[in-house]
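In my numbering, the protein residues as written are 579 to 706. Report on the following structure.
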């Protein structure tokens, strides 16, 4: 089953995303900051897609992404940056993110993007 790693420090937001992904048959694993997200990846988690916030304490989304890119086993996992910061789109582009969504995000748009990225990673067209 495809899984999504959500890296964001907003507990209400991550709970909503977990519920959203669950409602469409996708498993979501939540990391409360970039440090925890990197630890999960280094411990063997192999998500299909990563949903990443940029502005987090402890370890930012930018630092997380650099750490991810430095780990060959997970470097090619596509990242969707979801952020409300003013330069979010530019930062996402510089980080090589697959997509950028400005918060507050639209659930249907996020699901469409996740399904497309899952289909691309698995070499098939995404399910409805």
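Positions of the beta carbon are idealized from the N, C-alpha and C atoms, including for glycine.
Asked: Are there 16 or more other CB atoms within 10 angstroms of the CB of residue 674, so buried, or fewer, so exposed?; Found: exposed
Asked: Am I right that residue 616 and residue 642 are in contact with their C-beta atoms under 8 Å? What's the rounded C-beta distance?; Found: 6 Å
Asked: According to the neighbour-count rule (16 or more other Cβ atoms, all chains shown, within 10 Å of its Cβ), is residue 636 buried or exposed?; Found: exposed
Asked: Measure the CB-CB distance between residue 624 and residue 581 and report whether it falls below 9 Å.; Found: yes
Asked: How about residue 610 and residue 633: are their beta carbons less than 9 Å apart?; Found: no
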